[in-house]
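Heads up, the thing below is written out as structure tokens.
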Amino acid sequence: MTDERRAATRVGDVLRRYLARAGFGERLRQASVVEDWPKIVGDKIAAVSRPEAVTQDGTLFVRVTSAPWMQELQLLTPELLKRLGGTRIRRIIWRAW
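Following our numbering, the numbering of the sequence shown begins with 526 at its first residue and continues without gaps.
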């Protein structure tokens with residue numbers, strides 16, 4: 526058996542490669558925002574917001590705990606879109622709970 530065959534590969538990695546080859550790479554990058562939200566926006570913003578959905582055209586829908594936070598995050602949208610650059614997110618729609 527070759528070293529390559531013996532090397533363990535995580536199922537998630539195999540699945541990501543398969544889906545990327547099948548043409549779902551962009552959607553995977555968009556969907557990764559939900560899982561990576563705290564890393565992308567930081568703990569403070571993650572504590573008051575939750576990404577809910579990403580549309581195929583790159584619109585991210587995010588729930589926010591209050592209207593004042595929603596207003597604050599709307600002002601931060603350009604900066605957050607820069608942080609989301611590699612994910613193909615083009616627009617963020619904020620919604621208060």
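Beta carbons: idealized from backbone N, C-alpha and C, even for Gly.
#### Entry: Residue environment, Ile618, which counts as buried when at least 16 other CB atoms sit within 10 Å
Counting Cβ neighbours within 10 Å, Ile618 comes out exposed, since fewer than 16 surround it.
### Local conformation of Thr590 per DSSP, three classes
Coil at Thr590, not helix or strand.
### Query
Looking only at its own chain, which residues have a Cβ that is under 7 Å from the Cβ of Arg588, when we skip the five neighbours before and after it?
Excluding the 5 residues flanking it on each side, Arg588 has same chain C-beta neighbours closer than 7 Å at Ser574, Arg575, Glu577, Arg620, Trp622, in chain order.
### Query
Where does Arg575 sit, in a helix, a strand or coil, going by DSSP?
Arg575 falls in the strand class under three-state DSSP.
#### Entry: Spatially closest choice to Leu598 from Val536, Gly567, Ala533, Asp538, by CA coordinates
Comparing C-alpha distances from Leu598 to each of Val536, Gly567, Ala533, Asp538 shows the shortest one belongs to Gly567.
### Query
Count the other CB atoms within 10 Å of the CB of Leu609; is the residue buried (16 or more) or exposed (fewer)?
By the Cβ neighbour-count rule, Leu609 is buried, with 16 or more other Cβ atoms within 10 Å of its own.
### Message
So the candidates are Val579, Ile614, Trp594; which of them puts its Cα closest to the Cα of Lys569?
### Response
Nearest option by C-alpha distance: Trp594.
### Task
Between the Cα of Lys607 and those of Thr580, Val558, Gln581, Ser591, spot the shortest distance and give me the residue it belongs to.
Looking at the Cα atoms, Val558 is the closest of the given residues.
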